[in-house]
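Report on the following structure.
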Amino acid sequence: MTTFWIMAALMLLAALGLLAPPLLGRGRVREQDWDAQNVRIARERLQELEAEFGRGALSQADYESARQELEQALLVDVEDAGEARAPAAPRSGRVTLLVLLVAIPALTVWGYLQLGSPRLVSETTPIAANQGHPAGGATEQTANFEDMVAKLAERLVQEPDNAEGWFMLGRSYMTLGRYAEAAEAFRRANGLVPGNANILLRYADALAMAQGGKISGPPFELIKQALKASPDDPTALWMAGIGYEEAGDYEQAVRHWRRLLTHLQDDPASARDVQKLIAEAEARLGRKVEAARADSPDAVPAAIRVRVELDPALRDRVKPDDTVFVFARALSGPPMPLAAVRRQVRDLPLEVTLDDAMAMMPQLKLSGFPEVRLSARISRTGNALAEKGDLEGEVAPVDSATRDTIRILIDRPIP
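Under the numbering used here, think of the first position of the sequence shown as 350, with each following residue one higher.
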């Protein structure tokens with residue numbers, strides 16, 4: 350998190366250094382020069398972040414947080430660039446600069462809380478992280494962000510050759526979960542800048558999410574193109590391994606993941622996750638007797654029966670149509686849920702079964718982890734990300750092979 354604040358401070362100083370001269374009457378930046386300068390600085394900073402992440406100098410969480418903050422700032426710049434910039438008198442320029450001194454840090458904090466809460470770094474799972482927003486705050490902020498995205502989309506109708514704009518639009522749609530629209534935006538960016546590994550991987554990711562998280566088909570072909578353009582790109586190597594695993598080519602999956610390990614020497618946590626993927630792929634090749642037996646026809650997929658109840662003392666704090674999430678996550682391992690169910694408060698008390706069929710990714714199943722953490726949460730907004738005021742309950746550790754019904758009592762509010 351310290352790394353993020355250092356980068357945020359440097360970005361703030363850089364932004365004010367660019368804005369101060371024209372605002373203080375020392376000359377006027379022409380609109381096209383201003384756009385080019387903003388895009389150039391953002392591109393250079395993104396390249397620096399990717400280089401640091403590739404060297405292992407940044408963790409995955411810090412990298413994603415800093416990148417999304419940079420993209421959020423550029424999105425605002427792209428929207429504002431469409432408005433006329435009138436010359437300002439020295440006095441109004443000084444007032445504007447003072448406003449910016451307050452507004453830019455505020456926007457930085459907002460973006461960090463919205464897209465990269467400090468608790469995302471420290472907690473086991475991003476979905477269960479407490480954002481610290483008021484109950485209705487996330488909805489209002491999401492609406493504001495959607496408005497900015499809509500304006501950017503309108504502007505790109507007039508500027509169809511703006512590759513940076515299409516890329517930013519695609520990233521924004523991904524943040525909103527609008528994967529099909531994100532894929533179309535990345536397709537436009539890829540058409541304008543063919544062969545760019547970063548664009549190809551974002552395009553592949555959007556297509557995969559649009560088809561339920563499956564990499565096979567067009568997404569996999571895009572990943573292969575990205576690998577040709579950048580053979581040592583860590584994201585490309587990881588996604589290629591997933592694609593080969595889905596196709597049943599475990600030898601190729603292991604080969605790509607082993608290459609990925611050479612780039613994770615300074616990130617032991619990620620390296621352990623990749624090693625687990627390699628071990629599972631090797632097991633499927635019959636190199637591990639125990640895993641081979643687990644894959645035999647007699648093996649029984651993991652399934653955990655869960656009963657969710659609400660503390661009667663909290664009954665007056667919920668409504669019948671509030672959303673109830675039930676999750677199973679690895680006690681030690683990747684933060685992505687291994688299984689999830691969505692219901693409503695009117696269904697409580699309820700019983701559900703979490704099993705391997707609910708896995709979001711083939712290699713992340715309940716049966717692949719000996720112990721899991723079970724949790725249930727009530728959300729007023731229906732947001733998968735936890736918010737202040739949500740109610741939750743948790744049980745851990747739980748043996749993934751248990752045949753008992755596990756009771757989860759939702760008994761505390763998220764502070």
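Here a beta-carbon is modelled for each residue, glycine too, at the ideal position from N, C-alpha and C.
The structure presented is a predicted model; accordingly, all values stated were derived computationally and were not measured.
Take Ala575, set aside five residues on each side of it, and the residues of its chain with a beta-carbon closer than 6 Å to its own are Ala546, Leu549, Leu550, Ala585, in chain order.
Where Pro567 is concerned, the enclosing alpha helix (DSSP H) starts and stops at 567-578. A contact is defined here as three or more CB-CB pairs under 8 Å, and the segment 687-707 meets this definition with respect to the segment 672-679. Glu700 is the residue among Glu700, Phe718, Leu525, Leu734 whose C-alpha sits nearest the C-alpha of Ile757. For the pair Arg656 and Pro686, the CB atoms are not nearer than the 8 Å cut-off.
Distance from the CA of Ala578 to the CA of Gly717, rounded to the nearest whole angstrom, comes to 34 Å. Check the Cα spacing between Leu613 and each of Asp582, Glu533, Pro669: the tightest is with Asp582. Excluding the 5 residues flanking it on each side, Val498 has same chain C-beta neighbours closer than 8 Å at Leu424, Leu518, Ser521, Tyr522, Leu525, in chain order.
Taking every protein chain shown into account, the CB of Asp510 has fewer than 16 other CB atoms within 10 angstroms, so this residue is exposed. Between the alpha carbons of Asp622 and Leu713 lies a distance of about 11 Å. Ala735 and Ile759 have their C-alpha atoms some 14 Å from each other. For Asp554, the enclosing alpha helix (DSSP H) covers residues 546-559. Contact annotation: Ala651 and Leu715 have beta-carbon atoms nearer than 8 Å.
Excluding its 5 nearest sequence neighbours in each direction, Glu508 has C-beta neighbours in its own chain below 8 Å: Gly514, listed in chain order.
Look at Pro746 here: in three-state DSSP terms it is strand. By the neighbour-count definition (other C-beta atoms within 10 Å, threshold 16), Gly592 is a buried residue.
DSSP places Val498 in the helix class (H, G or I) of the three-state scheme. Under the three-state reduction of DSSP output, Leu699 falls in the strand class.
Gly562 and Leu556 have their C-alpha atoms some 8 Å from each other.
Check the Cα spacing between Ala725 and each of Pro719, Ala708, Ala745, Asn493: the tightest is with Ala745.
In its chain, beyond the 5 residues on either side, Tyr552, Ala555, Leu556, Ala559 have a beta carbon closer than 7 Å to the beta carbon of Ala532. Per DSSP, reduced to three states, the secondary structure at Asp622 is helical. In this structure, Leu541 places its C-beta atom within 8 Å of the C-beta atom of Ala512. Per DSSP, reduced to three states, the secondary structure at Arg678 is strand. Apart from the 5 residues on each side of it in sequence, Asp705 sits with its Cβ closer than 8 Å to the Cβ of Pro650, Ala651, Ala652, Ala688, Lys714, Leu715, Ser716 in its chain, given in chain order. The residues Gly562, Ile591, Met685, in chain order, have a CB closer than 8 Å to that of Met710 in the same chain once the five nearest residues on each side in sequence are set aside. Remark: C-beta atoms of Leu609 and Val667 do not approach each other more closely than 8 Å. Residue environment: Ser681 is assigned as exposed (fewer than 16 neighbouring CB atoms within 10 Å of its CB, all protein chains considered).
Here the C-alpha atom of Leu663 lies approximately 12 Å from the C-alpha atom of Gly742. Ala620 places its beta carbon 8 Å or farther from that of Tyr599. Lys500 has its alpha-carbon roughly 10 Å from the corresponding atom of Phe494. The alpha-carbon of Glu570 is positioned some 9 Å away from that of Ile564.
In chain order, Arg654, Val655, Arg656, Glu700 place their CB closer than 8 Å to the CB of Thr754, counting only its own chain and leaving out the 5 sequence neighbours on each side. If you draw a 10 Å sphere on the C-beta of Pro568, you find 16 or more other C-beta atoms in it, and that means buried.
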